[in-house]
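In the order they appear, the protein sequences are chains R and P. Under this note's numbering, the residue at position 121 of the first sequence is numbered 121, and the numbers go up by one with no gaps. Under this note's numbering, the residue at position 424 of the second sequence is numbered 1424, and the numbers go up by one with no gaps. Reading through the C-alpha cells given below for one structure.
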Amino acid sequence: MMLSRVAERVYWMGRYMERCESTARLINVNTKLLLDLPRGVSVGWGTLINISGSEEYFQRDTDDADERAVMRFMLADVNNPSSLINSLSSARENARITREILPSEVWELINDLHWYLKDNLGKGLARRERHILLQEVIDKVQQFTGMLAGCMSQNEAYSFISMGRNLERADMTSRIVDVGVSSILPASKIDTATEPFENILWMNVLRSLSAYQMYRQHVLDRVNAEDVVMFLFQDSMFPRSVEHCFAHLSQCLEGLPNGEDALRVLGSVRRKVKSADFSNLIDAGLDEYIDDLQAEIGEIHRSIAATWFLPEVQIAS
Amino acid sequence: MQIDWREYDSGEFYDELISSPGHPRKVARHLAKYLAGLSGEDIAERKLSAELAIKTMGISFTVYSEAGNIDRAWPFDIIPRIITQKEWQQTERGLTQRLAALNCFIDDIYNDQKIIKDKIFPADLLASSANFRTECMGMKPAFGVWAHVCGSDLIRDNDGSFYVLEDNLRVPSGVSYMLENRKVTKRVFPELFENYNILPVTEYPTQLFDTLAAISPRPLDYPEVVVLTPGIFNSAYFEHSYLAQQMGVELVEGGDLVVEDDTVYMRTINGLSRVDVIYRRIDDLFLDPEIFNPDSVLGVPGLMRAWLKGNVAIANAPGAGVADDKIIYTYVPDMIKYYLGEEPILPNVPSYMCHDKKQRDHVLANLDQLVVKPANESGGYGMLIGPQASKKELEEFAGLIKASPRNYIAQPLIALSTTPIIGNKNAEPRHIDLRPFVLQGRQSYVTAGGLTRVAMKKGSYVVNSSQGGGSQDTWVVVEEGK
C-alpha cells in the first residue's frame, strides 16, 4: 500500500538525483568543448544557463557571463533552484522523508554524497579539479541507480523512482542536444574552416552522454549532426535516448493502477518524437522543436501528478 | 590525551563509574582499565569513527530556531554508562508499577472519578489542568490503557538511589537515539562486547508494534498501524521515520489521512485504505481541527469522532496527557497506593506545590535554593535553577509564581549523578539523567536501560538535546557471579 505523498517524494528523489548527474554532464561537455575549440569558435558560458532554463535566477546578462560566475551559479548558488547543490539537497530531503521505504544504503549514499559535495564545492570552480568533482557526482548517481536495481524490491516505489529518473533524463538529453544546436552555425553556413569543429562539437555532445561508443557501433557514418540528433532522440536501445526513456516510462505506467490518462499523454508525445523529421529540423526549427518537447515533458509530469500525488491542500482562509 | 583515572574526581557527586579518584566501581573495572589503556591517538580515532558513523547513518535531531539548517548531527560521547542488572530489575518493576497506576488514574478521571470522590485527589486540581480534555469523558480504550508509551526521567542523587523526576505521557521522544547509540558503540568498541554481558535493546520496535497491534479495533493479524508525524520540521522527525521503518509501518502526515463515515483512511496510489491504529507523535491540540485548534494543518478533521466511535485506536490516547503535569506527578505515590494497594518502588523527587499557600510561602522564601518548573512545559523550557540564577531571574520567577501558583512546582536541587565523558586532557565528570521507555497494552515492557542524556557543559544540569545536551550508550550489565 503506497501513500500518495510517498509516491510523490520518491518520484522527485529520482528526478533530482538524475538532475545532479545531468548537470554534471552538461558542465563537462562545455568544459571539454572549450579545450578543443580555438578562440573565435568558442561556446559562451552563458549558454549553459540558458539551456538549464534558469536564466531568471542569474543576476547578470548571460551573454557576457564568465566561466567562474557561471560555475558558481550552476554548482554552488543556493538561490538557483537547479544548482547542483540544491538538486542534491532536494534529493536528500526527499530521501530523508522516505527513508523508511528505501534500502538504508541508499540513504547513506545520498547523505555521504551531500557531505562530499558541500566540502568540495570549491574544486568545481577551478577547471583543473572540476572534472574530479563532477565525475564523482556522476559515479555516485550511477551507484545509486545500481543499488536500487540490486537491493530494492521492484515495487511501486521503485516504479515511481524510475519514472522520475526517465522523465528527467529525457528532458536533459534534449537540453544537451540543445547545447550542440545553439553553439552551432546553421548548416548552410558551414564551410571548410568551421567543419572540423562541428565534428568536435557533436563528438563532445555524445561523450557527455557516454554515448560515443554506442553511437559508433550503431551508426557507421562519421559523426554528423543529423545522425547524432536522431540517435539521441529516436534510438530504442541507448538508455539515454529520449525514445528509450519514454519506453521505460511507459512500462512503469502500465504496471500502476489507474495509469490510463498518463499513458495517453505519453503516447502522443512519443509518437511525435518517433515520427519527427530531423533532417529538415536541423536546417531550421530544431531549437523550437526542443522547446516544445520540453513543454510536453511537463505535460507528462502533470498527468502523473494529477493521477497519483496528493491533491493540493486548500487551507480555509 | 590519555585517561588517568587517578586524576578523575567527581567531587561531592555520585559518579556512575568511578567511586573515588582511581577506583572504578566493580562493574566498571574492565571498562575503566580498557579505556586507560588506549593511547591518545586511539581515543581520537574512536571519537572520529563515532562521528562518522553518526553522520553516515544520518542520526540527527532538529533545533526549532534554525530554519536554514534543519538537522544537526546527534551529539554523542563514546564512553558507555553502566547499570547493573540487579539494580535495573528493581527499577523496571518500579516503572511498570508507576505506569499501571497512571493508567488507572487516567481511566478513572475520564469515567467514574472515584479518586476524587474518595478525596485522595482534589477536584479543583483537575479542573485547572491544562491537559484535561472533557471531550474524552466516558471513553473506554482497550485494556483501560490510555498511555501506551511513557518516557520517565530518572535521576540519581548523592545517596546513589534513583528518583523519578517526571513522567512524559504525551509524545515522549528519544528511544531511537537509545537504539542508535548502541549501534554506534558496537561499531566503535566491538571488543568490549566480548567481555561484558550486556542486555540487548533491539527488541523495542517489535514490542512497540505488538503493543499497538493489540489495541486495533478490528481483530486482524496484521492491522494497519501508522505513525503520525507533524512532518520534517519537527525536532523528533528522525525518530518518527526511524520507528516507522523499524516497525515496517507507514509514516503519515495529517494530509495523508482522511475521515469518512467516522472511519480513518489513508490516501494511497490505489485510493483510500483503512487505518486501524495511529501511533501519533502530535500533541492533542493539533490532532483534530474540528475539536481542538481550528488552525491546525497538522491534524485530521474528524479524527476524534472516529476515535470516540471506536473505529480507530490512538496511542497515546487523546487526553492521556492529563497525568503529564507536574502537579499531578506529586500524587503518583498516592495513586499507586490507591489503585494498586502497593507501596511505590521508585520514589518521587520531593516537591512543593505552589497552589498551596504554606508550600508557596516556603518556596518564595527559599527560591535561591530550589528548582522551579512550570507544570506543563517539556524540553527544559521555562525552568529556574535557583542556586545558579541571577537576582533578576529570581525576582522574575517570584512574580510568575504569585501570578499563577497552579502553574508551578518547586523541588530541591538534586545533586545529579555524574559519569565520565571524553574531555580535552582527561575523562571529565558530567551530570546525567536516564530516560527509560515503558510500554503498556495487553502486557507491559521496559527497555533495558534507556537513553542517558548528558549535560555536556561542565557543571551544567540541563541535559535536553534542544539545549546543548548530549548522550551516551547505556549498558545494563549482567554481573557474572564469583
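Where a beta carbon is used, it is the ideal one built from N, C-alpha and C, also for glycine.
Contact list for the segment 1253-1277 of chain P against chain R, Cβ threshold 7 Å: Legend: CB atoms of the segment 1253-1277 of chain P lying less than 7 Å from CB atoms of chain R belong to residues E1253, G1255, D1256, M1266, R1267, T1268, I1269, N1270, S1273.
task: Inspect the beta-carbon positions of P:M1139 and P:L1308 and report whether they are closer than 8 Å.
output: With contacts defined as CB atoms closer than 8 Å, P:M1139 and P:L1308 qualify as a contacting pair.
query: For the putative contact between P:Q1440 and P:H1148, defined by C-beta atoms under 8 Å, what is the C-beta separation to the nearest angstrom?
result: About 6 Å; that satisfies the 8 Å criterion.
- prompt: How about P:N1311 and P:V1332: are their beta carbons less than 8 Å apart?
  reply: Their beta carbons are not under 8 Å apart, which means P:N1311 does not touch P:V1332 by this criterion.
field: Contacting positions in the segment 104-117 of chain R - beta carbon closer than 7 Å to chain P
entry: So the close ones are W107, E108, N111, D112, W115.
- request: Could you spell out where the alpha helix (DSSP H) holding R:C245 opens and where it closes?
  value: From DSSP, the alpha helix (DSSP H) with R:C245 extends over 242-254.
- request: Quick one: list the residues of chain R neighbouring P:K1026, beta-carbon separation under 9 Å, in chain order.
  value: Listed by position along chain R, the residues whose Cβ is nearer than 9 Å to that of P:K1026 form an empty set, because the closest Cβ is around 38 Å away.
message: Give me the chain R residues within the contact set of P:G1058, using Cβ-Cβ distance strictly less than 8 Å, ordered along the chain.
response: The contacting residues are R96, R99, W107, E108, N111.
- prompt: In terms of residue numbering, what span does the alpha helix (DSSP H) encompassing R:S22 cover?
  reply: Segment 4-36, the alpha helix (DSSP H) holding R:S22.
message: With a threshold of 8 Å between beta-carbons, can R:E156 be considered close to chain P, or not?
response: With 8 Å as the cut-off, R:E156 counts as an interface residue toward chain P.
message: Can you check whether the C-beta of P:A1067 is within less than 8 Å of a C-beta belonging to chain R?
response: Residue confidence is low: P:A1067 scores 49 on pLDDT, short of 50, so the model does not pin down where it sits. No coordinate-derived value is stated.
task: Measuring alpha carbon to alpha carbon, tell me which of P:P1374, P:Y1339, P:K1457 ends up nearest P:D1118.
output: Nearest C-alpha to P:D1118: P:Y1339.
message: At the 8 Å Cβ level, is R:W308 part of the contact set with chain P, yes or no?
response: It does: the Cβ of R:W308 has a partner Cβ on chain P nearer than 8 Å.
- prompt: Where P:A1415 and P:Q1359 are concerned, what is the direct C-alpha to C-alpha distance, given to the nearest angstrom?
  reply: About 22 Å.
field: Test: R:S303 CB closer than 8 Å to a CB of chain P
entry: So no, R:S303 is outside the interface.
- prompt: For P:E1290, does the three-state DSSP call read helix, strand or coil?
  reply: In the three-state scheme derived from DSSP, where H, G and I count as helix and E and B as strand, P:E1290 is classed as coil.
- request: Would you mind stating whether R:S159 and R:G255 have Cβ atoms separated by less than 8 Å?
  value: Cβ distance < 8 Å, so R:S159 and R:G255 count as in contact.
- prompt: Any Cβ of chain R within less than 8 Å of the Cβ of P:L1251?
  reply: At least one beta carbon of chain R lies nearer than 8 Å to the beta carbon of P:L1251.
field: alpha helix (DSSP H) runs contained entirely in the segment 1044-1105 of chain P, provided each spans 4 or more residues
entry: Runs of the alpha helix (DSSP H) lying entirely within the segment 1044-1105 of chain P, each at least 4 residues long, are absent.
- request: Could you pull out every residue in the same chain whose Cβ sits closer than 6 Å to the Cβ of R:L113, ignoring the five residues on either side in sequence?
  value: K140.
- prompt: In chain order, which alpha helix (DSSP H) runs of at least 4 residues are fully inside the segment 253-289 of chain R?
  reply: Annotation: the segment 253-289 of chain R contains the following complete segments of the alpha helix (DSSP H) (minimum length 4 residues), in chain order: 260-275, 278-283.
task: Quick one: measure Cβ to Cβ for P:N1426 and P:Y1008, integer angstroms, because I've assumed they're closer than 8 Å.
output: Contact flag correct, Cβ pair sits at about 6 Å.
- prompt: In whole angstroms, what separates the C-alpha of R:W107 from that of R:S90?
  reply: Cα-Cα distance, rounded: 13 Å.
message: Taking contact to mean 3 or more Cβ pairs, one atom from each stretch, closer than 8 Å, check whether the segment 116-127 of chain R and the segment 71-82 of chain R are in contact.
response: The segment 116-127 of chain R vs the segment 71-82 of chain R: in contact.
- prompt: Nearest CA to the CA of P:R1280: which residue from P:E1253, P:F1292, P:E1290?
  reply: It is P:E1253.
- prompt: Taking Cβ to Cβ, would you say P:E1250 is nearer than 8 Å to R:L3?
  reply: With contacts defined as CB atoms closer than 8 Å, P:E1250 and R:L3 qualify as a contacting pair.
field: Through-space distance from P:V1171 to P:S1128, alpha-carbon basis
entry: Approximately 21 Å between the Cα atoms of the pair.
query: How would you write the range of the alpha helix (DSSP H) that P:A1323 sits in, first residue to last?
result: It is not in any alpha helix (DSSP H) - P:A1323 carries neither H nor E in the DSSP assignment.
- request: Taking only beta-carbon positions, decide if R:R5 is within less than 8 Å of chain P.
  value: Yes, contact with chain P.
query: If we ignore side chains and look at the alpha-carbon of each, how far apart do P:R1025 and P:S1019 end up?
result: Whole-angstrom Cα-Cα distance: 6 Å.
query: Can the beta-carbon of R:S182 be found less than 8 Å from the beta-carbon of R:D64?
result: No Cβ-Cβ contact shorter than 8 Å links R:S182 with R:D64.
field: Neighbour-count burial assignment, P:A1067, 16 or more Cβ in a 10 Å radius
entry: For P:A1067, the pLDDT reaches just 49, beneath the cut-off of 50, and the residue's location in the model is therefore unreliable, leaving the point undetermined.
- request: Compile a chain-ordered list of the residues in the segment 252-280 of chain R whose CB is closer than 9 Å to at least one CB of chain P.
  value: Going along the segment 252-280 of chain R in chain order, one finds L256, P257, N258 with a Cβ nearer than 9 Å to chain P.
- request: Would you identify the three-state DSSP class for P:P1172, choosing helix, strand or coil?
  value: In the structure shown, the three-state DSSP call for P:P1172 is coil.
message: At the 8 Å Cβ level, is P:S968 part of the contact set with chain R, yes or no?
response: It is not possible to answer for residue 968 of chain P, since the shown part of chain P is limited to 1001 through 1482.
query: Expressed to the nearest angstrom, what Euclidean distance is found between the alpha-carbon atoms of P:C1150 and P:V1322?
result: A direct Cα-to-Cα measurement between P:C1150 and P:V1322 gives close to 13 Å.
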